[in-house]
Structure formats: C-alpha cells, structure tokens
Amino acid sequence: SPPTVFDNISESIPEVTLDELLNTVISKKKKKSLDAHGLSNHMFNFLDLNYWSLLLNLYNHSFQKSILPSAWKDNRMILLAKKDSICPPSLTRPISLLDSFQKIGEKLFLTRFCDLLARRGLLSDSQSGFREHFRLQTRLLLFLEDIYSLMSNSAPVCTVFVDFRAAFDQLWYLGCIGKLRNLGIPSSYLNWIEAWLVNRRCYIEINRCKSRWFSIEKGGPQGSVLTPTLFITYNCDMNISPSGCISHFFADDLAGILAGQLDCLEYYSCLTDQPINLNKTEAMFTARAIGLPSFDIHFSHGTKESINWVSEYKYLGYIISSKLGWSAVQLYVIPSQYDSSAFSAVKQATAS
Numbered sequence: 001s002p003p004t005v006f007d008n009i010s011e012s013i014p015e016v017t018l019d020e021l022l023n024t025v026i027s028k029k030k031k032k033s034l035d036a037h038g039l040s041n042h043m044f045n046f047l048d049l050n051y052w053s054l055l056l057n058l059y060n061h062s063f064q065k066s067i068l069p070s071a072w073k074d075n076r077m078i079l080l081a082k083k084d085s086i087c088p089p090s091l092t093r094p095i096s097l098l099d100s101f102q103k104i105g106e107k108l109f110l111t112r113f114c115d116l117l118a119r120r121g122l123l124s125d126s127q128s129g130f131r132e133h134f135r136l137q138t139r140l141l142l143f144l145e146d147i148y149s150l151m152s153n154s155a156p157v158c159t160v161f162v163d164f165r166a167a168f169d170q171l172w173y174l175g176c177i178g179k180l181r182n183l184g185i186p187s188s189y190l191n192w193i194e195a196w197l198v199n200r201r202c203y204i205e206i207n208r209c210k211s212r213w214f215s216i217e218k219g220g221p222q223g224s225v226l227t228p229t230l231f232i233t234y235n236c237d238m239n240i241s242p243s244g245c246i247s248h249f250f251a252d253d254l255a256g257i258l259a260g261q262l263d264c265l266e267y268y269s270c271l272t273d274q275p276i277n278l279n280k281t282e283a284m285f286t287a288r289a290i291g292l293p294s295f296d297i298h299f300s301h302g303t304k305e306s307i308n309w310v311s312e313y314k315y316l317g318y319i320i321s322s323k324l325g326w327s328a329v330q331l332y333v334i335p336s337q338y339d340s341s342a343f344s345a346v347k348q349a350t351a352s
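According to the working numbering, the sequence shown holds residues 1 to 352 in order.
The following block contains the structure:
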C-alpha cells in the first residue's frame, strides 16, 4: 500500500530564541566532566556574551538544514560497573560524555520533539518513563490495581517482568526513522534525528588510557537527554503487540499481566531488533492458592530456555510479592521521608 501522507509533513522545527537558549544553558548542571575535546558545561560560566548570538545562529541553522558539525558527534565513553567494581566489560554500563555544545542542542530539540508528540498523542498512557506529569508511583499504583482487580474474581494472575538486553544500545537506526515516518513525524524532525544518529564516533577511556576512535553503528548515546524519549517513541506500539495483555511501562521496563500469546512479544522484539534478556526476565504467579504453577513459560517453541518463577520481584524500586503482602516490602524500603510517603500512598490505595 502507498505510504500515508500526513497533514503536517512540511512542518518545520520552530526557531530558537535568545532567551530560550540562555535559559537552557542556565538550567544545565555545570558539571566539570570533560567531553571528547576537553570541554565541559562549566565553561559556559565564562563564555563572553558576544558569542551567544553566534551559538543561536548555529542551532537554528542546524534545525533548518538538519546539519550537525562532525565534532559535535564525537563522544568520550567511560564504563561504569553495574555491580562489582572489578568486572568484565560485559558487566559494565557504557556512558557517553557528549559534546558540550551538542548537549544544549539536544535539549532544545527535545523540547520541540516532546511538544510534537503531545500534540499528536503518540505516547500511550501506559508509558510513564521520561515524561512530564507521569510519575513512577502512579505506574506502580496502576499496576497493583490491575492485579487486585483480576484477583477479586479469584482468578490467578501471571505477570512477566521483561528485561530488554541493553535497550538503548540496541536502537536500530533505519527501523527507528522508518517507524517515526509512519507515525507522522514531519520530515524536518526526521532529517535532524537521522543526522544526530548517524556518523557518530567515540573512544573509550579507562584510567586515562584512551582507545582508538571507532564508529557507532547502532544505539543511542547513554547519557543523552534525547535517547530515552526517542526509545519510548520507537516502541510506542509495544503495548498493543501482546494481545490479551495488560502492559505497564517505565522507560525500558515492561511488566505484562498476561493472558497468553507470549509469542507476540517475541515477534515484536525480533521485528524491532530489540532482543529480550531471558536471564533477567522473570515471572510471578499471583493467586490465593499456595505454591508456584507446575508449568514452564517459553518465549520460543522448542527451546530449553524457560522463564524463572519468582515469589517476589523488585519492580520500580518496590518489592512486589506473589501474595501482594507488605512484609517483604517493609524489609526493603529505606526509611526516609520520601520513601515513607510513597509507601503509605501505595498501601492506602491498595487497601481501599
């Protein structure tokens, strides 16, 4: 079938004003960590006022022509250990220290991109991560409400907590641009996003030892303010892929209350080139009866890899038990004013 022609195909990216540029720079944290060219956000404190008009013209020209200076796409990458301080590279999280000027450009573009997403209503209400006016605690409350609602009919509930393998690092460039085009994102935005994604390069630095420069052919930079929003937009239709499933999202965390058809989720992960980490994907069986189910859950037919059944799971920082009791939660919750208020809100909502 021919591609859909949307009414906003020729919409341009709004220009940046000098006041907006100054407010964006002022709001950025003035960290002293250096980018690939030895610059940091801290330098903006000492930038002469005569240069602000030049920067304003640069950013507006970048948005109008979808051009980014090649130096802005050079990244310095450091590896942070996920758990143990001494570990192999596979157990580290790569953090990209982006170009200081590019970080300002990303923030300016993100404001315009989020406004476009809101006007078109592209993001589902089931996604609460990296969105204004959507809170983690709200997602937790809605998740528990769905489970309690199903259990009120004495029906057992199976919840699968899906972990996507290196989610942001697996972003497929061509698939992302094609999907955004099908969602009705204007060409000016598509061209700028594509220019931002492609032809990036970086080096890895460990203990002041630098690797050679290498190209990045996949994934959005960890540490960018734009990457999470681009990721959740790329996967905005994941909530309708597993039919018969109540989905709850927080960024790349998926909790699916299932009624079958796990193969749909597996098909979606293959279609979007977003692999599932079966070692960290777990299932919880919630029922009034005691004990775990006697059957196994497999994503692929004919494979021996199955999803582990667990009696409790740490979801969005809170312990959820198969009995939905509070004894496990009280052992893990750190007593502080913030956590106590959130804990009380969850407990009161589920008790009512």
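Note that beta-carbon positions come from the ideal geometry of N, C-alpha and C, so glycine has one too.
Query raised in the report: What are the start and end residues of the alpha helix (DSSP H) that includes C114?
Result: 100 to 120
Query raised in the report: So what's G256 in DSSP terms, helix, strand or just coil?
Result: strand
Query raised in the report: Taking DSSP as the reference, what is the three-state secondary structure of V5?
Result: coil
Query raised in the report: Using the beta-carbon count (16 or more within 10 Å), is C23 buried or exposed?
Result: Reading the sequence as shown, one finds Asn at residue 23 and not Cys. N23 should be labelled exposed.
Query raised in the report: If you follow the beta strand (DSSP E) that D84 is part of, which residue opens it and which one closes it?
Result: That residue, D84, is in no beta strand (DSSP E); it is neither H nor E in DSSP.
Query raised in the report: How far does the beta strand (DSSP E) with S201 in it reach, from first residue to last?
Result: The question names Ser, yet the displayed sequence has Arg at residue 201. R201 -> beta strand (DSSP E) spans 200 to 206.
Report task. State the DSSP-derived secondary structure class of Q64, mapped to helix, strand or coil. Result -> helix
Query - Spatial distance of E11 from R165 (CA atoms) - result: 35 Å
Report task. Find the nearest neighbour of F161 within the set N8, I9, I307, judged by alpha-carbon distance. Result -> I307
Query raised in the report: Based on Cα-Cα distance, which residue from T138, P69, M77, P89 lies nearest to G105?
Result: P69
Query raised in the report: In whole angstroms, what separates the C-alpha of T281 from that of D163?
Result: 5 Å
Query raised in the report: With burial defined as no fewer than 16 other Cβ atoms inside 10 Å of the residue's Cβ, what is the status of P89: buried or exposed?
Result: exposed
Query raised in the report: What do you get for P3, buried or exposed, if any count of 16 or more other CB atoms within 10 angstroms of its CB means buried?
Result: exposed
Query raised in the report: Taking Cβ positions, are L354 and S40 nearer each other than 7 Å?
Result: Any question about residue 354 goes unanswered here, given that the chain covers just 1 to 352.
Report task. Indicate the three-state DSSP secondary structure (helix, strand or coil) for I13 in the structure shown. Result -> coil
Report task. Since I believe N60 is in contact with E15 (beta carbons under 8 Å), could you give me their beta-carbon distance rounded to a whole number of angstroms? Result -> 5 Å
Requested in this report: Determine the burial state of H248: buried for a count of at least 16 other Cβ atoms within 10 Å of its Cβ, exposed for fewer.
Outcome: buried
Report task. Look at F231 and F134 and say whether their C-beta atoms are less than 7 Å apart. Result -> no
**Report entry** Cutoff 7 Å; reference G184; Cβ partners in own chain excluding five residues on either side
**Finding:** F6, N8, R120
Query - Cα-Cα separation between C158 and T272, rounded to whole angstroms - result: 25 Å
Query raised in the report: From this set, I147, S124, I95, which residue's C-alpha is nearest V225's C-alpha?
Result: I95
Query - DSSP three-state assignment for L183, whether helix, strand or coil - result: coil
**Report entry** Boundaries of the alpha helix (DSSP H) in which V157 is found, first to last residue
**Finding:** Counting along the chain, V157 falls outside any alpha helix (DSSP H), though it belongs to the beta strand (DSSP E) covering 157 to 163.
**Report entry** Exposed unless 16 or more other CB atoms sit within 10 angstroms - verdict on C236
**Finding:** buried
Query raised in the report: From K82 to N277, what does the alpha carbon distance come to, in whole angstroms?
Result: 16 Å
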